[in-house]
Amino acid sequence: MGTLGQNVPPMLLDLAHKCSWVAHDGCALANSDGAAENLPNSQSVMSDLENDPHPENEEYNVFPSSGSTLFFEEPSTKVTSMCSLSNMLFLGTNHGTVTQYILEECEMNETTFSYVELLARTISDSDVVRMDACTELRLLTLLSSNILFVCDAEQLEMVNFFPTCRGVSTFQLQPDGVQSAKLCLTFHTRFIQIYRITPTNASLIFEHKLTVLPSSLCVGENFLCFATEGRYTSLNLHTKATTDLFSYDLQQNSKPFLAPVANDEFLISGPGSLGVIVDANGTSHRPPLQLSPNVLSVFVWKEYVFSLTDEFFTIHSIFNQKQLQTVLLPNATAGCFSSRNPHLVFVAYISKASGLVDILSIGPERWDRFARKLILAGCLQQAKQLLQREQQHVEDIFQAQPASSKNEQNVFTTRSRRVSGLVGFYHFEQGDFQHAGLFFERSLMDIRELLCRYDNLLPNGFAFAPHWFYNLSCQKPADNDSNNIRRVAELCLSHSINTKGQPNLAANATWTVRYEQFLFSFLQKHHKSKFTEKYMHLLETALVKLYLKLLRRGRNPQLTELLLSSNRLIPRLSWDSEKSEAEQRGLDLVSLISSLVHIDVDDLTAYLEQSSEHHALSLIYQWQGNVAGALSIWQKLAYGELVDVNFPGVDFYVAVLSWLASPNAEPIKLWSVTENEQQDTASSPHISEPSVYTELIWQHLCQSLEPERPKEIAEKILLALPYLPGDDYNLQWDDILPDESCSQTTTDVSLAPSQCLTPTHILRRLIPQYVDLGIKYLHHLIYVHHDVTPRYHTLLAQIYLDVLTGKIRDEPSAANSKARSIQLRRDFCHLLRHSDNYSVSKLLEGVRQCDAPNEFAYELAILLGKNDQHHDALEILVNQLSDLPAALCYCLSYMNEDKACVTGGNSVKWVPQYTYSQKWKALQLASNEHPLDHDVIERAPEVFTILVELCFKRRTEAEYEEVAMNLLNSPNIPLQFSKVLSIIPADIQLSQVNGFLQRAFHSVISIKAASQIHFGLAKSCARLSAMGASSQVCPKLVVEKSTKCCRCHQEIVAYGPDNPFAWLVQRKQFAHVHCL
């Protein structure tokens, strides 16, 4: 509920008119300290206003209750009487209940009062018609059902020194000194009694019987005034004589009022709603006051009359009979005046919105509003003095009551911050940005108050009404309209007016830049401040908008460490050593957006699209959860469909896909990837569960395989995807794609979304349409991720074979077909030789079914060797191909992994270009850098024996006989000596095989000696074991009926003879199993 005052204090209004030209024209504005110049009388007048609390100089406002206060839940409950005592408010209802509330003044966006219910007592079943309180004695008197109760105000318990009085028609409790009070009672028997009450007792000091029954009364020092049957009468307390004072219209004034004005002088209701002041003799020495009809309560303070009706609250001056204040009320039902603050009034009314009882308070404007009027008048120094005085007042309260002054401190803090914000806007409109920023920081104000003064910084359609307190454009201090707040465009225009009264466009543009730079720096500084946290999304959006605006105006705003965050995703772009200005600004824009996480995406999208900052827009999409939108823009940038100089390149797009494919989203680190580094960077860690973005990444992978798009990006995506082990999606080569007509371009409907990026599903998409990519992907799985899944090894070997035989068409052109075939053949042989995870039988069948099986003789030899058909393998190499170097390498592979022979790949050449001397030189090496497993080593004597045998069969050729003899006599070649002896030709001289015979003899001797040693050791161990067994005598286990459990001390057979028990051998004790 807003202020509805109709009368502005005349002294303040006069001063405002005198100073208004200072506030608005700015010609004689304040100096750096804020003191107004050219106002010789303003300071003295202001001092008079500050020190004069009379109603002439104060504007009264209405303060509603806080929104969380609920007085009564039942609509039928009405307030029939009210009373205030210190910080307590008492409400009497029509149900005979008295409720005690603790009230506190609160300050948020406006001044309110909070009411906290403490106690409630039901004293009768009818209306509580009257309540009165005494601050000095902390007493509360209640009248209900003609029964008077005197209670302790804090506990609502009856006092023990004053009895409950029945038959009471009305009463009055009035202070009489520091520690006493007068209680005047009127009974239905027309008796009047006056008691003097102290903290411990009550004594009757006056008693008299009247001829009529009073309806209301008021006690003075020597006289008592009462109203009855249309007349006011005074009673002399000494002589007990009565005097008729005044008559009133009983029909028009159903509730006559009485209020003490001075000693034995009373305010009574006269005809025509007049307030007449009379003495005890009925003489009026002052002019009457025109009051409103239907007065609920009247209070007199000094020379002022405060009256409360069901429609108005008014203040009248007794001295000049003027109505000083008028406040409209919403159908009041009861009211009371504060006992500790005569300027504060509490009013009960029925809320139209809820239909329930609500309370509002009326009092003088708070000091912050008065300070606002001083600032509007240009008197900053006086406003500063007022602030200092209020601060000293709060400090005094804290020193006196440190435990109960928290609320006063909070209220002062809120109001002082509001005043600081107003001073900040004062300097802001004057263009003094240094002082404006300082006071804005002190105020901790709503940041929207500042943003709304700029064009297009708040989102379109954003509903925000600026607080009227910060309005500096009103014509008079009482104006609280917030619709005419001056905006930055108007301020810049006013600052740019030249001496001729015409706006200067260049000056206007300069001031616009100054205002925007100030706000950008202020928002950047307070990006993480507490008072901006609530509206962080508006602040961050405004930061980006201001940055773009300043860029368009040719400025380059500097980003500070307070804004930039190192733990955000900031792409490391590969810029040249000397960056252009445009590139640097683009980099700063990316850095700015990378450090913000609360941006309003919808509102900012239009700005970024207008500036063609597609990469920055993608970053915003990603951090706001719109990953699909971000990837869509990055994809267009990678393929050149959109242009953005700030886009880091294809590697950034691939890195984002790789990061999204991993289950843990860690910040992406970009680098300049070279061709040699690609394999290392693509080696992603193995993950056990798929990412939530699996389907999205699959879509981008499929789109990269579209025919019109280059396949280099698709290859990078494939090699950057993380490895998903444990793929149980059954795959056979025949099940993938028998031909190109059924190429899989969509997701398999039988798969869960999380299985889209499994190797099996990816291979179904690649083969046979993109065989080269499929080979590279399988090669990556096997040689980089070390996948040992048999179906992948078999599939890669089968693809090699089908490509070489022409069953599958490869992508490379015919010009490179020969070199391509040689490379594929080398890779095929390398896989066959070094992998133990493919199906040998399946590949053997495939090679044998080729149209030209001799073409793959080397591959067939390797496969036969894998199938332990070493004789057939060497038969092909020695007899069919006559390739001794290949045969030697074959045998050496079962003895030692020499790099020169068996490493494979580009260094392995399963072609007969190697000379015998090279292979023999390799044979003499005894390197143990690549030892084979035990099973392979055991095969070495067999394969070398077979090679010797085949060479002797072709001994007619000198080269083969030389190889056979060298193998026999070489000390490093393992052989099956007994078998070799049987195949040595008879015409060989013993001297020719002397080395072999020596090795054979030593071998036999060694084997015999080793067997005898093993036998001796086994015999000795058996003998020792037998001796140990015979020396150990097992103790006897004797269980009797008297044997007891060592734990429960019950007989061991207490639970039956079949109950299990345990024998503790070391202790030689028994125990039940369940006891253990």
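Oh and the sequence shown: position 352 is 352 in the UniProt record's numbering, straight run, nothing missing. All residues carry an ideal CB built from backbone N, CA and C; glycine is no exception.
Whole-angstrom C-beta distance between residue j and residue i, which should lie under 8 Å
i	j	result
Leu-70	Met-82	With a Cβ gap of about 17 Å, Leu-70 and Met-82 do not count as contacting.
Glu-429	Leu-491	6 Å
Lys-720	Ser-658	Going by the sequence as given, residue 720 is Ala instead of Lys. Right, the Cβ-Cβ distance comes to about 4 Å (below 8 Å), so this counts as a contact.
Glu-58	Pro-364	4 Å
Tyr-653	Ala-630	Actually they do not touch by this definition, with Cβ atoms about 10 Å apart.
8 Å Cβ cutoff, residue i in contact with chain B
i	result
Arg-389	Protein chains in the displayed structure number just one, and chain B is not present.
Pair within 8 Å by beta-carbon distance, residue i and residue j
i	j	result
Pro-759	Ile-808	no
Leu-142	Val-98	yes
Leu-224	Leu-258	no
Tyr-547	Leu-592	yes
Leu-472	Phe-425	yes
Ser-247	Gly-230	yes
Arg-825	Leu-796	no
Ile-197	Leu-213	no
Ser-307	Ser-292	yes
Gln-290	Leu-267	no
Leu-617	Thr-605	yes
Glu-56	Leu-376	no
Cβ shell of residue i (< 6 Å), same chain only, five flanking positions each side left out
i	result
Met-445	Gly-421
Val-878	Ala-887 and Leu-950
His-793	Ser-835, Asn-837 and Tyr-838
Ile-497	Pro-503
Pro-685	Low local confidence applies: a pLDDT of 48 at Pro-685 is under 50, so the model's placement there is unreliable, with the coordinate-based value given in what follows. Result list for Pro-685: empty, nothing under 6 Å.
Endpoints, beta strand (DSSP E) assigned at residue i
i	result
Tyr-349	345-350
Gly-363	357-364
Val-129	128-134
Gln-1069	1069-1072
Gln-100	97-107
residue 1077	Only positions 1 to 1076 of the chain appear in the structure, and residue 1077 is not among them; the question remains open.
Val-150	147-152
Enclosing alpha helix (DSSP H) for residue i [first to last residue]
i	result
Phe-223	Element bounds for Phe-223: not the alpha helix (DSSP H) but the beta strand (DSSP E), 223-228.
Thr-413	406-430
Phe-319	Looking at the DSSP string, Phe-319 is not in any alpha helix (DSSP H), and its letter there is neither H nor E.
Thr-499	Note, Thr-499: premise wrong, no alpha helix (DSSP H); not H, not E.
Ala-606	601-610
Gln-381	380-400
Tyr-960	958-969
Gln-699	694-704
Val-627	627-638
Same chain, Cβ closer than 8 Å to residue i, neighbours up to 5 away in sequence not counted
i	result
Val-601	Ile-620, Tyr-621, Gln-624 and Asn-626
Ala-348	Val-79, Met-82, Leu-91, Ala-332, Thr-333, Ala-334, Gly-335, Val-357, Asp-358 and Ile-359
Asp-132	Cys-83, Leu-140, Thr-141, Phe-171, Gln-172 and Leu-173
Assigned secondary structure, residue i (DSSP; H/G/I helix, E/B strand, else coil)
i	result
Ser-658	helix
Val-513	helix
Ile-197	strand
Ala-752	coil
Leu-801	helix
Leu-709	The amino acid occupying residue 709 in the given sequence is Arg; Leu does not appear at that position. DSSP places Arg-709 in coil when its eight states are reduced to three.
Cys-850	coil
Thr-1043	coil
Asn-456	coil
Glu-533	coil
Glu-110	coil
Asp-772	helix
Ser-354	coil
Ile-205	strand
Met-895	coil
Pro-790	helix
Asp-868	coil
Cβ neighbours of residue i in the same chain (closer than 7 Å, five flanking residues each side left out)
i	result
Arg-366	Thr-111 and Arg-415
Thr-189	Gly-167
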